[in-house]
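The next block holds one structure in the form of C-alpha cells; read it before the comments.
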Amino acid sequence: MRSIGVRQFLFSRRAYGKSVQTPLVESLRRRILTTGPLTVADYMRECLTNPHHGYYMKKDVFGTKGDFITSPEISQMFGELLGVWIASEWQSLGSNNHLHIIEFGPGRGTLASDILRVLTQFDGIKERISLHLIDVSPKMREIQRKTLCSATADGSTSHQKSVYGNVDITWHHSLADVDIHGNCCVIAHEFLDALPIHKFQRNEKGVFHEVLIDVADSSSPHHFREVLAPTPNANSTKLVNPKDERDHVEVSPLAGMFVQDIASHINKHGGFALLADYGHNGEKEDTFRGFQSHKLVNTLEQPGEIDLTADVDFSFLRHCLSPFKVVTHGPISQQVFLHNMGISIRLKTLLNAAKTEQQRLDLLTSYKMLCSPDEMGDRFKFFMIHPHGHSSLPAAATS
Ligand SMILES: C[S@@+](CC[C@H](N)C(=O)[O-])C[C@H]1O[C@@H](n2cnc3c(N)ncnc32)[C@H](O)[C@@H]1O
699 MRSIGVRQFL FSRRAYGKSV QTPLVESLRR RILTTGPLTV ADYMRECLTN PHHGYYMKKD
759 VFGTKGDFIT SPEISQMFGE LLGVWIASEW QSLGSNNHLH IIEFGPGRGT LASDILRVLT
819 QFDGIKERIS LHLIDVSPKM REIQRKTLCS ATADGSTSHQ KSVYGNVDIT WHHSLADVDI
879 HGNCCVIAHE FLDALPIHKF QRNEKGVFHE VLIDVADSSS PHHFREVLAP TPNANSTKLV
939 NPKDERDHVE VSPLAGMFVQ DIASHINKHG GFALLADYGH NGEKEDTFRG FQSHKLVNTL
999 EQPGEIDLTA DVDFSFLRHC LSPFKVVTHG PISQQVFLHN MGISIRLKTL LNAAKTEQQR
1059 LDLLTSYKML CSPDEMGDRF KFFMIHPHGH SSLPAAATS
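In terms of our numbering, the sequence shown opens at residue 699 and continues consecutively.
Here is the structure:
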C-alpha cells in the first residue's frame, strides 16, 4: 500500500473561517466587477488551471501531505490490472500494429508506470507501444518525468524513453497535438471530474437558470457567492433538457467535446478508451465540491488553493457520443471492474510474497479501499468506448 487516506471519502467538513485572500481573489473580483458574474465553469477553470495561480499548476497535490489520494496511489494492483486490461483489449482487436497509449491528466505518473511495468513484460507488445501524456500542469509534467524517465534523461525535452525498456514517452498539451496514425488506447483516470461544469437550478417557477459566481458583501465568510442568473441564458436553454426531473443539473460541455474527440480518433485510427471517475448515470444533482487536506470544504473558499471537482455524468457523455460510430460499455463500478480483471488473484499472489505482517495488512487495507462499497468500490465508475461492432468483454460484465 502506497499511502493512507482516500480522496473524497473523508466527509468530515472543516469548520469554515473567513476565506483567505489568495492571489486569485483580486483578479476574479476585478473580472466580475468589469464583465459581470462568472459561470461556475469559468470560476472552476480559473481556480484549477490559471497559468500562474491555478491549483494544479504549482505543487504536488497528492498523497497524505496533499489534498487527496487516487486509486493508483493506493496500490500497485490498480495500475497492473489496467495494464492487463489494455493487453487483452488490444489482442481482441486482432491488431499487430503499434499501440499508442494516451493518458489524460496522469498526475504523478504512477498509473502509467504500473501499466508500463505490466505491458513491457509481454514479448510482442513491449516493442510496439508508446506513451503520450497530456497534462496542463508544468509541475505535474515535471513529476511525471521523474516517475517515468531514467535519471539521465534531459528533463527539458518533451520526448523521452521510459525507465521500463525502450518505450517512447511524449508530452502534449491536448489531444489535437497528438499526431498519431494507428490504434490508440485512451486512459483518463480522475481527469474528467476536473473539467469545468456549468451548474443550473430551477427557479420558483420551475424554470432552469444558470448558477453564477458573484462578488460577496463584507458580511459573507467568503469573497464570492453563488447567485441565480435573473433570466434563462444560452447555456441554460441549450445545455439542459427542460423535462429533466432534477432540481439541480450539472453539465460539462468540455467533457462532452473530450469524448467526441476520442470517438473521432477511434473512428479514424482504431483503438479503445477507458474513462474512470467518480460519476453517475444522470441521476445526481449537486456534486460540485471542494477538498483540502482530505477534507470537504466550501467551493468558494481559497480560490486556487483547494481542489474543485464534480461527479461525471456518464449519461451525458453517452448522449454526446450518439452521432459517432462507437459503442460504449458501462458505467460499471470499480469493484466489479477490478474483480472481473482478477484483483482477488493478484491480491493472493502479493499476500503470499509479502515478507512482513505489516505488508500483508497494508495489502488488505488497500484492497478494501479500492473495492469496498463503503469506500471507492461503488462510487467510482468505469466507462469504455470501443469501435462500432465491438462486443462487451469480460471486464465490462456486470455480474
Ligand atoms: C485528479 S488528478 C488525477 C491524476 C491521476 N490520473 C491519478 O489518478 O492519480 C487530475 C490531473 O489532471 C490534470 N489536469 C487538470 N485539468 C486539466 C486539463 N484541463 N487539461 C489537461 N490536464 C488537466 C492535472 O494536472 C492532474 O495531473
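Built from N, CA and C at the ideal position, the CB exists for glycine as well.
If you're wondering where the values come from, they're calculated on a predicted model, not measured in any experiment.
Residue i (DSSP reduced to helix, strand or coil)
i, result
"Val1034", "helix"
"Gly1028", "strand"
"His1084", "strand"
"Ile730", "helix"
"Thr737", "strand"
"Leu867", "Here the sequence assigns Ile to residue 867, which means Leu is not the residue at that position. Note: Ile867 maps to strand in three-state DSSP."
"Asp875", "helix"
"Gln1000", "coil"
"Gln858", "strand"
"Gln646", "This structure cannot speak to residue 646, because the chain is shown only from 699 to 1097."
"Gln1056", "helix"
"Arg944", "coil"
"His1017", "helix"
"His796", "coil"
"Phe776", "helix"
"Val782", "helix"
"Val957", "helix"
Cβ-heavy atom distance, residue i to ligand 1, below 8 Å
i, result
"Ser773", "no"
"Glu888", "yes"
"Ile960", "no"
"Arg669", "Absent from the structure is residue 669, since the part of the chain shown begins at 699 and ends at 1097."
"Phe802", "yes"
"Ala892", "yes"
"Met838", "yes"
"Ser828", "no"
"Leu746", "yes"
"Leu911", "Note that residue 911 corresponds to Ile in the displayed sequence, not to Leu. Ile911: no, Cβ never under 8 Å from ligand 1."
"Asp833", "yes"
"Pro770", "yes"
"Tyr741", "no"
"Phe970", "no"
"Tyr754", "yes"
"Leu994", "no"
"Phe1012", "no"
"Leu809", "yes"
"Ser991", "no"
Inter-residue spacing [alpha-carbon to alpha-carbon] between residue i and residue j
i, j, result
"Leu893", "Arg1044", "33 Å"
"Ile772", "Ser918", "38 Å"
"Leu780", "Ile813", "6 Å"
"Phe986", "Glu825", "43 Å"
"Pro1085", "Thr1063", "37 Å"
"Asp782", "Met755", "Strictly speaking, residue 782 in this sequence is Val, with Asp absent from that position. Going by the C-alpha atoms only, they are around 32 Å apart."
"His963", "Glu902", "44 Å"
"Leu809", "Asp915", "44 Å"
"His1027", "Phe1081", "6 Å"
"Ser835", "Thr747", "8 Å"
"Gly803", "Asn795", "25 Å"
"Glu1055", "Ser786", "34 Å"
"Tyr714", "Gln958", "Here Tyr714 scores only 45 on pLDDT, less than 50, and its place in the model should not be relied on; the value that follows carries that caveat. Approximately 40 Å, taken between the alpha carbons."
"His921", "Ala1051", "53 Å"
"Arg1058", "Glu1073", "19 Å"
"Pro1001", "Asn881", "40 Å"
"Thr845", "Leu829", "14 Å"
"Gln858", "Asp866", "6 Å"
"Ala851", "Ile767", "Unreliable positioning characterises Ala851 in this predicted model, as indicated by a pLDDT of 47, which lies under 50. A coordinate reading is not provided."
"Asp875", "His967", "15 Å"
"Ala1078", "Arg843", "Here residue 1078 turns out to be Phe, not Ala, going by the sequence shown. C-alpha separation (whole angstroms): 27 Å."
According to DSSP, residues forming a beta bridge with residue i
i, result
"Glu801", "Leu831 and Ile885"
"Glu908", "Phe898"
"Glu924", "Ile911"
"Tyr976", "Phe1078"
"Arg987", "Thr1007"
"Phe970", "Cys883"
"Cys847", "Ser860"
"Val995", "Gly988"
Residue i Cβ short of 8 Å to ligand 2 heavy atom set
i, result
"Thr985", "This structure lacks ligand 2; the ligands present are ligand 1."
Cutoff 9 Å: residue i Cβ touching any chain D Cβ
i, result
"Glu1055", "Among the chains of the structure shown, chain D does not appear; only one protein chain is present."
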